[in-house]
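In the UniProt record's numbering, the protein residues as written are 1 to 384.
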């Protein structure tokens, strides 16, 4: 009955059990599968499952923003569309840590005396706009710490963020005791309303001249364009000032200020311009203090336990200035009841463009609008 390759199939079809009658001789058909066929069938099945599952994973990764595309740490479309909320108390804790970490890089580079100094071009006043390794390395630490902790918020920083240098810098989610003492409860706001401004090294010109007391690192958080928390850190004295509007602070105003013949802190690059108008306005007893760095100038208005910090009653700037230079100081002054406006008395919005044209006037425990009215000539100068 053998039929070559078909013999097996024929025997399975025609064989009868000797114990059963002929009428029941038809047994169910036996099927013998080839091992090769089984293997092919399994591979096809695995292939289908793989494609289905990989598509599912891709969707999940896209949903959580785990894209591998470079973007300088920016949130993907899904994160931007629905960023949820962020806690300002946590943002303050991370901002303080970021300013300190950036300051560590600033100090390390300066003490190495290898700055790799170069120019980014000219400022509007014609001075060299300098950049050093301290700026770059501080910026990297500060940006990626904040971006890793709060991936869905907008972060504006003075220096370019190179995707090739991307780092994942984790925050341990610990809020320092001094912040918990002042800000006792979480303060949730929509992530899409938040803009962070980073200055990784304020007073770069003075940094290159080794005038260390003027140098600061700063972080500011604005909500709907209004500055609500600010951090100013001095890397070389390791002093940090922070404040949250309607929250708390670790710094305070001085007990008194001289409004009649004030000491006015101004930029080193155009102190003469302010001096002329200030003497006409307040008289010959007015003192002009040339200084570097907007962060340093704001601290000059406050009660700061730093022997290298000069004291002033007013801070005046008469030319174009970038928002990352002033946002942190604006937030701190606002939290303490002070003011920072343009020279014409307008509030500064921390959205949109990265600079302001109208100069600025900063004061605390003074009649700010009365000061604005006294300085009309400076307002005109600020728009030149």
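Glycine included, every Cβ here is placed at the ideal spot set by N, Cα and C.
message: I need the DSSP call for residue 156, collapsed to helix, strand or coil.
response: strand
message: For a quick check, are the C-beta atoms of residue 245 and residue 231 less than 7 Å apart?
response: no
- prompt: Can you name, in chain order, every residue of its own chain whose Cβ lies under 7 Å from the Cβ of residue 189, other than the five neighbours on each side?
  reply: 85, 86, 88 and 223
- request: Consult DSSP for residue 71 and reduce its assignment to one of helix, strand or coil.
  value: Residue placement at residue 71 is poorly supported in this model, since its pLDDT is 33, which falls under 50; the coordinates still yield a value, given next. Coil at residue 71, not helix or strand.
Close Cβ partners of residue 101 (< 7 Å) along its chain, the five nearest in sequence each way excluded: 141, 142 and 145
task: Would you verify that the beta carbon of residue 238 is, or is not, closer than 7 Å to some beta carbon of chain D?
output: No chain D is part of this structure, which consists of one protein chain only.
message: Tell me which residues share the same chain as residue 116 and place their Cβ nearer than 7 Å to its Cβ, disregarding the 5 neighbours each side in the sequence.
response: 132 and 133
- request: Drop a sphere of 10 angstroms on the beta-carbon of residue 186, count the other beta-carbons inside from all chains shown, and report buried for 16 or more, exposed for fewer.
  value: exposed
- request: Identify, in the order they occur along the chain, each residue of the same chain with its Cβ nearer than 6 Å to the Cβ of residue 314, setting aside the five sequence neighbours on each side.
  value: 262, 264 and 363
- request: Would you decide whether residue 280 is buried or exposed? Buried here means 16 or more other CB atoms lie within 10 Å of its CB.
  value: exposed
- request: Assuming residue 96 and residue 242 form a contact by the criterion Cβ under 8 Å, report the distance between their Cβ atoms to the nearest whole angstrom.
  value: 6 Å
message: For the structure I just gave you, are there three or more beta carbon pairs, one from the stretch 325-336 and one from the stretch 294-308, closer than 8 Å?
response: yes
Residue nearest to residue 165 in terms of C-alpha spacing, selected from 305, 291, 240 and 139: 139
query: Among the residues of its own chain, which have a CB less than 6 Å from the CB of residue 106, if the five just before and after it don't count?
result: 134, 138, 201 and 235
task: Go through its chain and collect everything with a Cβ distance to residue 170's Cβ below 7 Å, but skip five positions before and after it.
output: 148
query: Expressed to the nearest angstrom, what Euclidean distance is found between the alpha-carbon atoms of residue 303 and residue 130?
result: 31 Å
field: Own chain residues within Cβ distance below 8 Å of residue 159, not counting five before or after
entry: 131, 135, 136, 139 and 200
message: Using only the alpha-carbon positions, how far apart do residue 355 and residue 320 sit?
response: 7 Å
message: Quick check on the burial criterion: 16 or more other C-beta atoms within 10 angstroms. Buried or exposed for residue 114?
response: exposed
Extent of the continuous beta strand (DSSP E) to which residue 216 belongs: 216-223
task: Keeping to the same chain, check which residues put their C-beta closer than 6 Å to that of residue 239; ignore five residues upstream and five downstream.
output: 306
message: What does the alpha-carbon distance come out to for the pair residue 290 and residue 83?
response: 43 Å
- prompt: For residue 168, which of 312, 151 and 198 has the nearest alpha-carbon?
  reply: 151
query: Count the other CB atoms within 10 Å of the CB of residue 90; is the residue buried (16 or more) or exposed (fewer)?
result: buried
field: Beta-carbon spacing of residue 196, residue 221 below 7 Å
entry: yes
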